[in-house]
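Using the numbering used here, the first residue of the sequence shown is number 5, and each one after it goes up by one.
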Amino acid sequence: MHLLHLPRRIAPWLLALALLAPAAWAMPPAPAPAPAGNSWETYKSDSYFLQPGESFQFRVSFDQIPVRAWRLIVDGGQSQCDVNVLRMKGESLLYYKTDEARHEVLVPWGTGEEVIVVLTNGAHEAAFTVTLQGPPRNQVHAAYGYHVNRALEDFAAGRRLEAQDHCRSALLENPEDGVAKVLLAGFMRDGQYLDRAAALVEEALAGELPGDMRSLALDLRADLRRLRAPLPAPVHQGMDQAEKELGAGQAAEALATTTKVLDSGLEFDSSARAALLTMKGRALAVLERNFEAIDAFTQALALFRDKGDAAVVYFYMGRLYVAMDNWTQAESAYGKAIQDGLPSGLNVQAREAMKQIRAHETPAGR
C-alpha cells in the first residue's frame with residue numbers, strides 16, 4: 005500500500021480549513037532540529053500530474069513512518085502550488101503556504117500521530133514530486149508519544165525545562181505513559197525531589213515499558229535507593245573495601261572485613277545489615293562455604309523491604325546454586341531476581357544464565 009494515495013478532489017470541509025489564515029490555528033511547538041549534518045534518507049517519493057486548480061490530499065500515519073520526526077518535500081520545479089499540513093490530533097494546522105514552487109515541512113511525530121497533506125495546483129497544468137524523508141534508517145532511535153519525542157529532542161539539545169514541560173504534557177494527555185514517567189523521574193532526581201522521583205519510577209515499572217526504558221527505570225530505581233537511604237559511613241567504607249577485595253580475588257579478606265563491621269557492636273538499620281550480609285554471602289560463596297553463604301543470603305532477604313534490593317540477593321543466590329549444580333533452585337532464584345527488577349547490568353547476566361540453565365536442562369536431541 006502506497007504512502008501517497010492517488011490524486012482526488014479535496015473534501016469541502018478540509019478545503020475550508022486549509023483556506024483559513026494560519027493565525028486562526030493554535031500552532032504547535034517549533035519543529036525539532038534536523039538530523040545531525042542535515043542528513044535525510046528518502047522513505048517514499050511519487051510524482052503527480054495535476055490540471056489547473058486541481059487538488060489532492062493524502063494521509064500519513066505513524067505506522068507508515070515510525071520515527072521521531074520526518075520531512076515532507078513538495079517540488080514543482082518552476083510551477084507553484086499551495087500546500088497545507090493538518091495534524092489530526094487537535095486539528096491544528098502544522099504548515100500553510102501558497103504560491104511556492106518548493107515546500108519543505110518538518111513534521112514532529114509520535115505514536116498515534118496522523119497528518120493530512122493537501123496540495124492545490126496553480127493556474128497551469130504541472131507535475132509535482134512529493135517526497136517523504138526521515139533520518140537514515142541505521143540511525144533511527146526509538147520513537148514514543150508526540151510529547152515524549154519532543155522531550156527527548158529538547159533534552160538532547162540542552163533544553164531541560166522544555167523537556168520537563170513536554171513530559172508533564174504527555175502525562176496530562178495519557179496518565180499511564182510509562183516512558184514519560186521514567187524521563188520525568190530523572191529530572192525529579194536531579195532536582196532532589198527524591199520521593200516524587202521514586203514514586204514515578206515505581207508507577208512506570210508497574211506498567212508496560214519498552215526494553216530500553218525498563219532498563220533505565222531499574223537503574224534509576226537503584227540510584228534513588230542509594231540517594232534516599234545512604235548507608236552509614238562505617239558500612240559504606242566496609243562495603244567498598246570488601247568489594248575491592250573480592251574484585252582482587254581476596255575472598256577471605258573480604259569475609260573478614262564484612263564480619264568485622266557486622267560484629268562491631270554498632271547499631272545498623274535493617275537495610276544496612278542486609279547489605280552487609282549480602283556481601284558476606286558473596287565472600288562465603290567464593291570460598292565455597294556454600295551452606296554458610298545460603299544462610300547469609302537468607303538472612304539478608306528477611307531484612308530487605310525493597311524488591312530491588314532483594315532482587316540483587318536472589319541474583320547472587322542463583323549464581324551460587326549454579327556452582328552447586330542445583331539447576332532447579334538456580335532457575336528459581338534467577339527468575340525471582342528478574343521478576344523483582346535487577347539493575348540493567350545484572351539483568352543481562354541473569355537472563356544469559358537462565359538460557360544456559362535451560363540449555364543444560366534440555367540436552368541436545370531431546
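Every residue, glycine too, gets a C-beta built ideally from N, C-alpha and C.
So, at 8 angstroms on beta carbons, what are the nonlocal neighbours of residue 356 in its own chain, with the 5 sequence-adjacent residues on each side left out?
In the sequence shown, counting from the first residue as 1, residue 356 sits at position 352. If we look at residue 356 and ignore the five residues flanking it on each side, it has no Cβ neighbours.
Supposed close pair residue 262, residue 137 - CB separation, criterion 8 angstroms
Your numbering for residue 262 matches position 258 in the sequence shown. Your numbering for residue 137 matches position 133 in the sequence shown. So it is not a contact: roughly 59 angstroms between Cβ atoms.
Can you tell me the Cα-Cα spacing of residue 198 and residue 186, whole angstroms?
Here residue 198 refers to the residue found at position 194 of the sequence shown. Here residue 186 refers to the residue found at position 182 of the sequence shown. So the alpha carbons of these two residues sit roughly 13 angstroms apart.
Checking the sheet assignment: what are the DSSP bridge partners for residue 50?
Residue 50 sits at position 46 when you count from the first residue of the sequence shown. In DSSP, residue 50 forms a bridge with 134.
Please determine, among 290, 131, 238, 231, the residue with the shortest C-alpha to C-alpha distance to residue 255.
The sequence position of residue 255 within the sequence shown is 251, counting from 1. Closest by alpha carbon: 290.
Does the structure place the stretch 79-97 close enough to the stretch 152-169 that three or more beta carbon pairs sit under 8 angstroms?
Judged by Cβ distances under 8 angstroms, the stretch 152-169 makes no contact with the stretch 79-97, as fewer than three pairs qualify.
Which of helix, strand or coil does DSSP assign to residue 72?
As a position in the sequence shown, residue 72 is number 68, starting the count at 1. Coil, per DSSP.
Once you ignore the five residues that flank residue 319 on each side, which residues in its own chain have a CB closer than 8 angstroms to its CB?
On the sequence shown, residue 319 is found 315 positions in, with the first residue counted as 1. Hits under 8 angstroms: 337, 338, 341, 346, 350, 353, 354.
Verify whether the separation of the beta carbon atoms of residue 167 and residue 158 is less than 8 angstroms.
The sequence position of residue 167 within the sequence shown is 163, counting from 1. The sequence position of residue 158 within the sequence shown is 154, counting from 1. Closer than 8 angstroms, so yes.
Which word fits residue 128, buried or exposed, when buried means at least 16 other C-beta atoms lie within 10 angstroms of its C-beta?
What you label residue 128 is simply residue 124 of the sequence shown in a count that begins at 1. Residue 128 should be labelled exposed.
At least one CB of chain D closer than 8 angstroms to the CB of residue 343: is that the case?
In summary, chain D is missing from the structure at hand, where a single protein chain is found.
Count the other CB atoms within 10 Å of the CB of residue 292; is the residue buried (16 or more) or exposed (fewer)?
Within the sequence shown, the letter at position 288 stands for residue 292. With fewer than 16 other Cβ atoms within 10 Å, it is exposed.
Spatial neighbours of residue 83 within its chain, please: C-beta separation below 8 angstroms, excluding the five flanking residues on both sides.
The residue labelled residue 83 in the question sits at position 79 within the sequence shown. Cβ neighbours of residue 83 beyond the five flanking positions: 105, 125, 126, 128, 130, 131, 132.
Would you list the one or two residues that DSSP bridges to residue 241?
Locating residue 241 in the sequence shown gives position 237, where the first residue counts as 1. Answer by DSSP bridge pairing: none, since residue 241 is not bridged.
Taking the beta carbon of residue 234 as the centre, do at least 16 other beta carbons fall within 10 Å, making it buried, or is it exposed?
Taking the sequence shown and counting its residues from 1, the one referred to as residue 234 is at position 230. Flag for residue 234 reads exposed.
Do the CB positions of residue 304 and residue 281 come within less than 8 angstroms of each other?
Here residue 304 is taken as the residue at index 300 of the sequence shown, counted from 1. Here residue 281 is taken as the residue at index 277 of the sequence shown, counted from 1. When the beta-carbon positions are compared, residue 304 and residue 281 come within less than 8 angstroms of each other.
Apply the 10 Å Cβ neighbour rule to residue 58 and answer buried if 16 or more other Cβ atoms are within range, or exposed otherwise.
Walking along the sequence shown from the start, residue 58 turns up at place 54. Buried, by the Cβ-count rule.
Count the other CB atoms within 10 Å of the CB of residue 335; is the residue buried (16 or more) or exposed (fewer)?
Residue 335 sits at position 331 when you count from the first residue of the sequence shown. Residue 335 should be labelled buried.
Got a sec? Which residues, its chain only, sit under 6 angstroms from residue 317 by beta carbon, not counting five neighbours each side?
If you number the sequence shown from 1, residue 317 lands on position 313. Here the set comprises 282, 301, 304, 305.
So, helix, strand or coil for residue 175, using DSSP?
For this step, residue 175 is matched to residue 171 along the sequence shown. Reduced to three states, the DSSP call for residue 175 is helix.
Please classify residue 62: does DSSP put it in a helix, a strand, or coil?
Locating residue 62 in the sequence shown gives position 58, counting from the first residue. In the structure shown, residue 62 sits in a strand (DSSP, three-state: E or B).
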